[in-house]
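**Q** So the sequence shown is numbered by UniProt numbering: it starts at 1 and just counts up by one.
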Amino acid sequence: MDNALFTANNVWMMLCIALVFLMHLGFSLLEIGLTRRKNTINILFKNFFIICSGLVLYYIVGFNIMYPGDFNGWFSLSEVGLHLPDNGLTADYADAGYTYWTDFLFQGMFAATAATIVSGAVAERIKIGAFMVFSIIYVGFIYPISGSWLWGGGFLSDFGFYDFAGSTLVHSVGGWAALMAVVFLGPRIGKFKGKKIFAIPGHNIPLAATGVFLLWFGWFGFNGGSVLSADPASTSIVLVTTSLAAASGGLGACLSSFLVFKNFDVTMFMNGILGGLVGITAGANLMSPLESIAIGLIAGLIIILAVKLMDIIRVDDPVGAIPVHLCCGIWGTLAVGLFGNMAGIEQFFIQLVSILTIGGFCCFSASIILWPIKKFMGLRVSSKHEVEGLDIHEHGMDAYSDFSLNQN
1 MDNALFTANN
11 VWMMLCIALV
21 FLMHLGFSLL
31 EIGLTRRKNT
41 INILFKNFFI
51 ICSGLVLYYI
61 VGFNIMYPGD
71 FNGWFSLSEV
81 GLHLPDNGLT
91 ADYADAGYTY
101 WTDFLFQGMF
111 AATAATIVSG
121 AVAERIKIGA
131 FMVFSIIYVG
141 FIYPISGSWL
151 WGGGFLSDFG
161 FYDFAGSTLV
171 HSVGGWAALM
181 AVVFLGPRIG
191 KFKGKKIFAI
201 PGHNIPLAAT
211 GVFLLWFGWF
221 GFNGGSVLSA
231 DPASTSIVLV
241 TTSLAAASGG
251 LGACLSSFLV
261 FKNFDVTMFM
271 NGILGGLVGI
281 TAGANLMSPL
291 ESIAIGLIAG
301 LIIILAVKLM
311 DIIRVDDPVG
321 AIPVHLCCGI
331 WGTLAVGLFG
341 NMAGIEQFFI
351 QLVSILTIGG
361 FCCFSASIIL
371 WPIKKFMGLR
381 VSSKHEVEGL
391 DIHEHGMDAY
401 SDFSLNQN
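(1) Assign residue 463 to buried or exposed, taking buried as 16 or more other Cβ atoms, counted over all protein chains shown, within 10 Å of its Cβ.
(2) Within this structure, are the beta carbons of ILE304 and MET268 separated by less than 8 Å?
(3) Check the DSSP bridge columns for LYS196 and list the partner residues they point to.
(4) Quick one: using the 10 Å Cβ neighbour count with 16 as the cut-off for buried, is GLY147 buried or exposed?
(5) Distance check for TYR67 and GLY211, CA to CA, integer angstroms please.
(6) Helix, strand or coil, according to DSSP, for ARG380 in the structure here?
(7) Work out the CA separation of CYS363 and ASP142 for me, nearest whole Å.
(8) Reducing DSSP to helix, strand and coil, say where GLY396 ends up.
(9) Can you check DSSP and say which residues form a bridge with ILE126?
(10) Identify the continuous alpha helix (DSSP H) that holds SER28 and give its terminal residues.
(11) Measure the alpha-carbon distance for GLY300 versus GLY166 and round it to whole angstroms.
(12) Taking the alpha carbon of SER135 as the point to measure from, which residue in LEU379, ASN285, TYR400 has its own alpha carbon closest?
(13) Got a sec? Which residues, its chain only, sit under 7 Å from PRO289 by beta carbon, not counting five neighbours each side?
(14) Write down the C-beta distance between GLY279 and TRP331 rounded to the nearest angstrom, noting that I regard them as a contact closer than 8 Å.
(15) With a threshold of 16 other CB atoms inside 10 Å of the CB of ARG314, please say whether the residue is buried or exposed.
(16) Kindly indicate if chain C contains any beta-carbon less than 8 Å away from that of PRO85.
(17) Out of curiosity, what's the CA-to-CA distance linking HIS395 and ASN42?
(18) How many angstroms separate the CA atom of ILE392 from the CA atom of THR7?
(19) Could you check where the alpha helix (DSSP H) with ASP103 kicks off and where it finishes?
(20) Taking only the alpha-carbon atoms, compute the straight-line gap between SER257 and PHE213 and give it to the nearest angstrom.
(21) Please report the distance separating the alpha-carbon of GLY33 from that of VAL122.
(22) Measure the alpha-carbon distance for GLU388 versus VAL139 and round it to whole angstroms.
(23) Indicate the three-state DSSP secondary structure (helix, strand or coil) for PHE75 in the structure shown.
(24) How far does the alpha helix (DSSP H) with PHE155 in it extend, from its first residue to its last?
(25) Beta carbon of VAL118, beta carbon of ALA178: below 8 Å?
(26) Secondary structure at SER401, three-state DSSP: helix, strand or coil?
(27) Of all the options TRP149, LEU77, PHE222, LEU228, which has the alpha carbon lying nearest to the alpha carbon of TYR98?
(28) Taking the alpha helix (DSSP H) that LEU244 falls in, what are its first and last residues?
(29) Could you tell me the distance, in whole angstroms, from the CA atom of PHE403 to the CA atom of ILE126?
(30) Apply the 10 Å Cβ neighbour rule to LEU105 and answer buried if 16 or more other Cβ atoms are within range, or exposed otherwise.
(31) Who are the near neighbours of VAL173 in its chain, counting only those whose CB is closer than 7 Å to its CB and skipping five residues on each side?
(32) Just confirm the distance between the C-beta atoms of PHE198 and GLY186, as a whole number of angstroms; I'd bet it's less than 8 Å.
(33) What are the start and end residues of each continuous alpha helix (DSSP H) run of 4 or more residues lying completely inside the segment 200 to 233, in chain order?
(34) Locate the alpha helix (DSSP H) running through THR357, then write down its first and last residues.
(35) Can you grab the Cα-Cα spacing for the pair SER367 / GLY175, in whole Å?
(36) What did DSSP end up calling SER172 once you bin it into helix, strand or coil?
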């Protein structure tokens, strides 16, 4: 019976690995659809590079930095590469939830997501080489260091911080880096002219919508797998709260968009769904169905307010990665202190201090990485390359056979 349970748990975790992997396709399609067709190859290249380099880096150093065993609570790298422990393939490893290999691969899928978030925010104007260097350093070191502070048993774990599946440790870690990157880069040509703000519409909304549905589908593995077993009670409530938060996030953004912008904007609807998913991720196992709806509705409103604020302060994010992942990641993490089984003033304070700690570390680290890249490599492509498209100038190819430089 114990062996059957161990096998069932491990199979569930492997299925969740596949679902989280599918999210990388969702991110790719969303980013492609919400940007111009002349940059499609560039976006595909970045997303392939993220998952490929991310997994290899996580094998070399990331996994051991994030899960170092006994350490000082801040940083440790005891070994390089993966080394199967004696109990790594038995039920003694991870309370019979999964094997050592499954553990690595599930966590590795999470790691690459941080750079994927940055990819969307810097789309259409960053040099491919600069992005690659930034991704290697950020995914290889910054993401696992911040993750070790909680999930690896570090000082935030002792402090009492709670983040079930990564509203902060995955989404806000990527969101803070995205914010710093767009500040260093500046807006796309034509986005802001004087006091006027101009929309730069994406070239394929159906493709973006497909990406959102794939991300929602993959989130069942993202949150469901974070139970770390196939426990029926835990996985079922997590999937229910995840779905309800996504649905209410979409509805909240839809209604808020109509009240603020006087139209039913499907891109706001889509980002509202994603905002609801990010918002519930910190406490998906703690919330009741009604509480998850409230978290999603507020996340949907936050999306609209954040988009409006970014226009006011002249921050250009082509796909809304910062409102979705950073702003809703912060909200979802704070919501653990406001709703659910852990709600309370003390927990809210713990959540807030932890957000500020990780946010400060990520902003400082991202700046330290971006500054020398900008100075010695250059972050941004030339105006000519940006106007004519990164596909032609960065990759020497077209995504569409009927493409011409006169098309967007």
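Ideal Cβ positions, reconstructed from N, Cα and C, are used throughout, including at glycine. Keep in mind the model is a prediction, meaning the values are calculated, not measured.
**A** In short, the structure shows the following:
(1) Any property of residue 463 remains undetermined from this structure, which presents the chain solely from 1 to 408.
(2) Yes, the Cβ-Cβ distance between ILE304 and MET268 is below 8 Å.
(3) LYS196 pairs with LYS193.
(4) With 16 or more other Cβ atoms within 10 Å, it is buried.
(5) GLY211 and TYR67: Cα-Cα distance of roughly 31 Å.
(6) In the structure shown, ARG380 falls within a strand segment according to DSSP collapsed to helix, strand and coil.
(7) It is Ile, not Asp, that sits at residue 142 in the sequence shown. Roughly 10 Å separates the two Cα atoms.
(8) Residue state, collapsed to three classes: coil.
(9) According to DSSP, which records beta bridges pairwise, ILE126 is partnered with ARG380.
(10) First-last of the alpha helix (DSSP H) with SER28: 2 to 33.
(11) Pairing GLY300 with GLY166, the inter-Cα distance amounts to about 19 Å.
(12) Of LEU379, ASN285, TYR400, the residue nearest in Cα terms is LEU379.
(13) VAL240, THR241, LEU244.
(14) The pair is a contact, with the Cβ atoms about 5 Å apart (cut-off 8 Å).
(15) Exposed, since its Cβ has fewer than 16 Cβ neighbours within 10 Å.
(16) Absent from the structure: chain C. Only one protein chain is present.
(17) Their backbone Cα atoms lie some 7 Å apart in a straight line.
(18) Cα to Cα, ILE392 sits roughly 49 Å from THR7.
(19) Here the alpha helix (DSSP H) through ASP103 covers 100 to 121.
(20) Rounded to the nearest whole angstrom, the CA to CA distance from SER257 to PHE213 is 20 Å.
(21) If you draw a straight line from the Cα of GLY33 to the Cα of VAL122, it is about 15 Å long.
(22) Between GLU388 and VAL139, the alpha-carbon positions lie close to 30 Å from each other.
(23) Residue state, collapsed to three classes: coil.
(24) For PHE155, the enclosing alpha helix (DSSP H) covers residues 155 to 159.
(25) The Cβ atoms of VAL118 and ALA178 lie closer than 8 Å to each other.
(26) Looking at SER401 - three-state DSSP - the assignment turns out to be coil, as it is neither helix nor strand.
(27) Considering only TRP149, LEU77, PHE222, LEU228, the residue with the shortest C-alpha distance to TYR98 is LEU228.
(28) Under the DSSP assignment, LEU244 falls in the alpha helix (DSSP H) whose first and last residues are 232 to 261.
(29) Low per-residue confidence applies at PHE403: pLDDT is 49, beneath 50, and the placement is therefore not dependable, though the value from the model is reported in the following sentence. Rounded to whole angstroms, PHE403 to ILE126 spans 21 Å at the Cα level.
(30) Under a 10 Å Cβ-count criterion, LEU105 is classified as buried, with 16 or more other Cβ atoms of the shown protein chains found around its own Cβ.
(31) These residues qualify, in order along the chain: ALA114, TYR143, SER146, ILE358, CYS362.
(32) Actually they are not in contact, since the Cβ atoms of PHE198 and GLY186 sit about 15 Å apart, beyond 8 Å.
(33) Along the length of the segment 200 to 233, whole alpha helix (DSSP H) runs at least 4 residues long occupy 205 to 224, reported in chain order.
(34) Note, THR357: alpha helix (DSSP H), 345 to 372.
(35) Roughly 13 Å separates the two Cα atoms.
(36) Under the three-state reduction of DSSP, SER172 is assigned to helix.
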